[in-house]
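Trainee: Take this structure first; my questions come after.
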Amino acid sequence: MRPASSVLLLTTLTGFGYGLLAWMGVFDMLGWLPDTRSFGPVVILTALGFASAGLVASTMHLGRPERAWRAFSQWRSSWLAREGLAAAATNLPALGFAISWWISGPDIPLTVALGLCTGVMALLTIGCTAMIYASLKPIRQWHNAHTLPGYLIYGAFSGILLLTLILGFSHGAVRLAAGIGTVLGIIGLIAKRAYWSYIDSQTPMVTLASALGFSSGLVRPLDLPHFTENFILREMGFRIARRHQRKLRRLVILVAFAIPIACASLAALGVMPEILSAFAAMSAGMGLFIERWLFFAEATHVAAVYYGRAA
Amino acid sequence: MTSLPHTRTPKKKLGLVIDLDTCVGCHACAVNCKEWNAGGFHAPLPDHDPYGGTPDGVWFNRVHSYELESKDLGCRTVNFPRSCLHCDNPACVTVCPTGASYKRADDGIVLINTDICIGCKLCSWACPYGAREFDEDAGVMKKCTLCIDRIYNEALPEEDRVPACVATCPSHARHFGDFNDPESQVSVLVSERGSMDLMEELGYRPVNKYLPPQRARIEINSFETTESTAEGACSPLLKLLDRLLSR
Ligand code: SF4
Ligand code: SF4
Ligand code: SF4
Chain A
4 MRPASSVLLL TTLTGFGYGL LAWMGVFDML GWLPDTRSFG PVVILTALGF
54 ASAGLVASTM HLGRPERAWR AFSQWRSSWL AREGLAAAAT NLPALGFAIS
104 WWISGPDIPL TVALGLCTGV MALLTIGCTA MIYASLKPIR QWHNAHTLPG
154 YLIYGAFSGI LLLTLILGFS HGAVRLAAGI GTVLGIIGLI AKRAYWSYID
204 SQTPMVTLAS ALGFSSGLVR PLDLPHFTEN FILREMGFRI ARRHQRKLRR
254 LVILVAFAIP IACASLAALG VMPEILSAFA AMSAGMGLFI ERWLFFAEAT
304 HVAAVYYGRA A
Chain B
726 MTSLPHTRTP KKKLGLVIDL DTCVGCHACA VNCKEWNAGG FHAPLPDHDP
776 YGGTPDGVWF NRVHSYELES KDLGCRTVNF PRSCLHCDNP ACVTVCPTGA
826 SYKRADDGIV LINTDICIGC KLCSWACPYG AREFDEDAGV MKKCTLCIDR
876 IYNEALPEED RVPACVATCP SHARHFGDFN DPESQVSVLV SERGSMDLME
926 ELGYRPVNKY LPPQRARIEI NSFETTESTA EGACSPLLKL LDRLLSR
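From first to last, the protein sequence lines stand for chains A and B. The numbering of the first sequence is our numbering, which starts it at 4 and goes up by one. The numbering of the second sequence is our numbering, which starts it at 726 and goes up by one.
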């Protein structure tokens, strides 16, 4: 599948934004956040800023961005519509969380409840994004049990790193957050490697013969319908060279996980937590962007078999 | 509505039967499809650099050619026109966030309302058959309409109320009709010849059916013997000509 940068930006940025919101809810409940008046509202608005930037980026992918509002209507059947609704709905508790914090402080039950509500909505939104991909049967690298947990883990991972960075600047419980970041990084790395070994061992769902409805026999492509690229080949026939794939996977392990894990674990031990947590978050941001690029580039679509390409 | 129609038994189930035995791969159906639809329901269709080195545009029907080798059939060419199959379980419809993609309850035709499509392309990802093509000029998705602007067109003489691809096929490899009617030509063809769903394992339950290639009814000799008999059967005049021309 062709990696469209607007979609990659969408899922990476919303991962950071909604991940941060989810952790804000949890940390507030546990009383681990600085109780200055401005901390909550500023961080919540930052998180919403990340999420909105992602959503705005995604509308650049649309052929008719001015009609984007129509995408809310079919929530009964469409995960894309559900994602839009969940994203919009998250704004309500999130703004309530910020306002309640500003007016009555982080510790009163209303603020805590709104914070948890925000967290749940944020995770639901990430889940809807994941389900858009996981529900697409023609793409075996997406339509499997790894996609949903993967998105949630990477969202939680990027969110906690962003929170660590913020806590570093505001003298909060940065070492605690960095510790959680370390653990999530390790879980993320394991999940990513499990995903790769899963898709590498998958057998294609369809063969050229089954695509043509033949139960037996050997089929070879002879003539293509057209000799230049078309929409189907550009969008669905995207292929990544194997040697690039290997290199990029190593890059993801290093930049998305190994560096952030190393930085976060040092920060958790109290070694330059401000600087190292900033490194961890930036490295994870770049690494997860490459991870999303690979998520698309490695994905194959069954329609490509008609053109003699593997799916 | 992108939820599927609840009527389990729609009045009609319109679709195509394509005979892979007789399709000669001439691309006439693809060309006539483009011709009709460039002025039809989804008009205009993009057509960039049509006479240049890198033509690019939206087509609803594309003809592939394959080589099939099997015990029963030996080795033969199979031409395979690929267009929307108007599936009974079309995920292209249910994934659509706007309601632009829909399946008609009355006749099962899967259509796009390009007035509300936002061009998110998700439906094209959900279609296993590569039947939906994005119109970069208009920013919306387009696809085969089963020629709704012909089959219900009362301005056309009755015999022309069939899809453009069916009307034009020189080897009568394409048939149009109602699969709910057991007497219809398409139902009879399918029950006589048998057919398999394309990518049955994905469960989209395509309505269009493809009739399998058949064993040749005349004896075909292997290449060597054909050549030698051709040589032997040649008239002396042709042999002379051949010798003169091969000098
Ligand atoms: S062939 Fe593709 S576009 Fe047509 S109904 Fe089936 S899934 Fe949808
Ligand atoms: S491209 Fe248009 S028809 Fe397809 S899913 Fe998006 S809004 Fe629906
Ligand atoms: S039914 Fe009409 S739109 Fe569909 S492939 Fe045939 S000619 Fe094209």
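Quick reminder that beta carbons are idealized off the backbone N, C-alpha and C, glycines included.
Taking only three categories from DSSP, how would you classify proline 324 of chain A?
Mentor: Because chain A in this structure spans residues 4 to 314, residue 324 of chain A falls outside the shown range and cannot be described.
Trainee: Using the beta-carbon of each residue, which ones in chain B are nearer than 7 Å to serine 81 of chain A?
Mentor: In the first sequence, counting from the first residue as 1, residue 81 of chain A sits at position 78. What serine 81 of chain A touches in chain B: Thr727, Thr819, Val820, Cys821, Pro822.
Trainee: Give the straight-line distance between the Cα atoms of valine 742 of chain B and glutamate 883 of chain B, rounded to the nearest whole angstrom.
Mentor: Along the second sequence, read from residue 1 onward, the residue named residue 742 of chain B stands at position 17. Along the second sequence, read from residue 1 onward, the residue named residue 883 of chain B stands at position 158. Using only the alpha carbons, I get a separation of about 20 Å.
Trainee: Got a sec, what are the start and stop residues for the beta strand (DSSP E) glutamate 858 of chain B sits in?
Mentor: Looking up residue 858 of chain B in the second sequence gives position 133. Note, glutamate 858 of chain B: beta strand (DSSP E), 857 to 860.
Trainee: Using a C-beta cutoff of 8 Å, does threonine 950 of chain B count as contacting chain A?
Mentor: Residue 950 of chain B sits at position 225 when you count from the first residue of the second sequence. Here threonine 950 of chain B scores only 47 on pLDDT, less than 50, and its place in the model should not be relied on; the value that follows carries that caveat. Answer no: the Cβ-Cβ gap between threonine 950 of chain B and chain A never drops below 8 Å.
Trainee: Can you tell me which of the three DSSP states threonine 951 of chain B falls into?
Mentor: Position 226 of the second sequence, counted from the start, is the residue given in the question as residue 951 of chain B. Note that threonine 951 of chain B scores 47 on pLDDT, short of 50, meaning its location in the model is unreliable; the coordinates nonetheless yield the value given after this. DSSP places threonine 951 of chain B in helix when its eight states are reduced to three.
Trainee: If you measure from the beta carbon of threonine 231 of chain A to each beta carbon in chain B, is any gap under 8 Å?
Mentor: Locating residue 231 of chain A in the first sequence gives position 228, where the first residue counts as 1. So yes, threonine 231 of chain A belongs to the interface.
Trainee: I'd like to know whether the C-beta atoms of phenylalanine 299 of chain A and proline 44 of chain A end up nearer to each other than 8 Å.
Mentor: Locating residue 299 of chain A in the first sequence gives position 296, counting from the first residue. Locating residue 44 of chain A in the first sequence gives position 41, counting from the first residue. Against a cut-off of 8 Å, the Cβ pair of proline 44 of chain A and phenylalanine 299 of chain A comes out as no contact.
Trainee: Measuring only from the beta carbon, is phenylalanine 234 of chain A closer than 7 Å to any heavy atom that is part of ligand 3?
Mentor: Counted from its first residue, the first sequence places residue 234 of chain A at position 231. The answer is no for phenylalanine 234 of chain A.
Trainee: Take every Cβ of the stretch 256 to 265 of chain A, pair it with every Cβ of the stretch 797 to 813 of chain B, and state whether three or more of those distances are shorter than 8 Å.
Mentor: Not touching, per the Cβ criterion.
Trainee: Quick check on glutamate 792 of chain B - is its C-beta less than 8 Å from some C-beta in chain A?
Mentor: Mapped onto the second sequence, residue 792 of chain B falls at position 67. True, the Cβ-Cβ gap to chain A drops below 8 Å.
Trainee: Anything in the stretch 910 to 928 of chain B with a Cβ closer than 9 Å to a Cβ of chain A? List those residues in chain order, please.
Mentor: Residues Ser920, Met921, Asp922, Leu923, Met924, Glu925, Glu926, Leu927, Gly928.
Trainee: Who are the Cβ neighbours of proline 152 of chain A in its own chain at under 7 Å, not counting the five residues just before and after it?
Mentor: Mapped onto the first sequence, residue 152 of chain A falls at position 149. Excluding positions up to five away in sequence, the list reads Ala194.
Trainee: Alpha carbon to alpha carbon, how far is glycine 216 of chain A from leucine 739 of chain B?
Mentor: Walking along the first sequence from the start, residue 216 of chain A turns up at place 213. Walking along the second sequence from the start, residue 739 of chain B turns up at place 14. So the alpha carbons of these two residues sit roughly 20 Å apart.
Trainee: Quick one: what's got a C-beta closer than 8 Å to arginine 178 of chain A's C-beta in the same chain, skipping five residues either side?
Mentor: Taking the first residue of the first sequence as 1, we reach residue 178 of chain A at position 175. Around arginine 178 of chain A: Ala270, Ala271, Leu272, Gly273, Pro276.
Trainee: Exposed or buried, threonine 951 of chain B, counting other C-beta atoms within 10 Å across all chains shown (16 or more means buried)?
Mentor: As a working mapping, residue 951 of chain B is identified with position 226 in the second sequence. Because threonine 951 of chain B carries a pLDDT of 47, less than 50, the predicted location of this residue cannot be relied on, and the following value inherits that uncertainty. Result: exposed.
Trainee: Under 8 Å, Cβ to Cβ, is there at least one residue of chain A near aspartate 744 of chain B?
Mentor: Locating residue 744 of chain B in the second sequence gives position 19, counting from the first residue. Taking Cβ atoms only, chain A never reaches closer than 8 Å to aspartate 744 of chain B, which makes this a no.
Trainee: For glycine 52 of chain A, which three-state DSSP category applies?
Mentor: As a first step, residue 52 of chain A must be located in the first sequence, where it is residue number 49. Residue state, collapsed to three classes: helix.
Trainee: Let me check one thing: in DSSP terms, what residues is serine 826 of chain B bridge-paired to?
Mentor: Here residue 826 of chain B corresponds to residue number 101 of the second sequence, with the count starting at 1. BP columns for serine 826 of chain B point to B/Ile837.
Trainee: Is isoleucine 837 of chain B near ligand 2 - that is, is its Cβ less than 7 Å away from at least one heavy atom of it?
Mentor: As a first step, residue 837 of chain B must be located in the second sequence, where it is residue number 112. True, at least one ligand heavy atom lies under 7 Å from that Cβ.
Trainee: I need the DSSP call for lysine 846 of chain B, collapsed to helix, strand or coil.
Mentor: Position 121 of the second sequence, counting from 1, holds the residue named residue 846 of chain B. Looking at lysine 846 of chain B - three-state DSSP - the assignment turns out to be coil, as it is neither helix nor strand.
Trainee: Going along chain B, which residues have a C-beta under 8 Å from phenylalanine 217 of chain A?
Mentor: Locating residue 217 of chain A in the first sequence gives position 214, counting from the first residue. Simply Leu793, Ser795, Met921, Pro937.
Trainee: Do three or more CB pairs link the stretch 861 to 877 of chain B to the stretch 778 to 793 of chain B at distances below 8 Å?
Mentor: Yes, the stretch 861 to 877 of chain B touches the stretch 778 to 793 of chain B.
Trainee: Among A/Pro68, A/Tyr136, A/Thr49, which residue has its Cα nearest to the Cα of asparagine 94 of chain A?
Mentor: Reading the first sequence from its first residue, position 91 is the one you call residue 94 of chain A. When each option's Cα is compared against that of asparagine 94 of chain A, the closest is A/Thr49.
Trainee: Ordered along the chain, which non-local residues of its own chain (more than five positions away) have a Cβ less than 7 Å from that of valine 932 of chain B?
Mentor: In the second sequence, residue 932 of chain B corresponds to position 207, counting from 1. Result list for valine 932 of chain B: Lys738, Gly740, Leu810, His811, Cys812, Asp813, Gly833, Phe904, in chain order.
Trainee: Do serine 896 of chain B and ligand 3 come close, with the Cβ less than 7 Å from some heavy atom?
Mentor: The residue labelled residue 896 of chain B in the question sits at position 171 within the second sequence. No, since every heavy atom of ligand 3 falls outside the 7 Å radius drawn around the Cβ of serine 896 of chain B.
Trainee: Exposed or buried, what is alanine 197 of chain A when buried is set at 16 or more other beta-carbons lying within 10 Å of its beta-carbon?
Mentor: Translated into the one-based positions of the first sequence, residue 197 of chain A becomes position 194. Result: exposed.
Trainee: List, in order along the chain, the chain A residues whose C-beta lies closer than 8 Å to that of glutamate 858 of chain B?
Mentor: As a first step, residue 858 of chain B must be located in the second sequence, where it is residue number 133. Under the 8 Å cutoff, chain A gives Asn233, Phe234, Ile235.
Trainee: Answer with yes or no whether the minimum CB distance from tyrosine 854 of chain B to chain A is below 8 Å.
Mentor: For the purposes of this step, residue 854 of chain B is taken as the residue at position 129 of the second sequence. At least one chain A Cβ lies under 8 Å of tyrosine 854 of chain B.
Trainee: At the 8 Å Cβ level, is proline 228 of chain A part of the contact set with chain B, yes or no?
Mentor: As a working mapping, residue 228 of chain A is identified with position 225 in the first sequence. It does; some Cβ of chain B falls within 8 Å.
Trainee: Going along chain A, which residues have a C-beta under 8 Å from alanine 898 of chain B?
Mentor: Within the second sequence, numbered from 1, the residue matching residue 898 of chain B stands at position 173. Within 8 Å Cβ-Cβ: nothing; alanine 898 of chain B doesn't reach chain A, min ~15 Å.
Trainee: Look up asparagine 804 of chain B in the DSSP assignment and give the residues it is bridged to.
Mentor: Along the second sequence, one-based indexing puts residue 804 of chain B at 79. B/Ser790.
Trainee: Specify, as a first and last residue, the run of the alpha helix (DSSP H) that phenylalanine 100 of chain A falls within.
Mentor: The residue labelled residue 100 of chain A in the question sits at position 97 within the first sequence. First-last of the alpha helix (DSSP H) with phenylalanine 100 of chain A: 82 to 107.
Trainee: Please confirm whether isoleucine 841 of chain B has its beta-carbon closer than 8 Å to some beta-carbon of chain A.
Mentor: To locate residue 841 of chain B, count along the second sequence from 1; it is residue 116. Yes - at least one Cβ of chain A is within 8 Å of the one on isoleucine 841 of chain B.
Trainee: Are the Cβ atoms of leucine 166 of chain A and alanine 180 of chain A separated by less than 8 Å?
Mentor: To locate residue 166 of chain A, count along the first sequence from 1; it is residue 163. To locate residue 180 of chain A, count along the first sequence from 1; it is residue 177. Yes, these two residues count as a Cβ contact at 8 Å.
Trainee: Can serine 808 of chain B be considered in contact with ligand 3, in the sense that its beta carbon sits closer than 7 Å to one or more heavy atoms?
Mentor: Mapped onto the second sequence, residue 808 of chain B falls at position 83. Checking the Cβ of serine 808 of chain B against ligand 3 gives yes.
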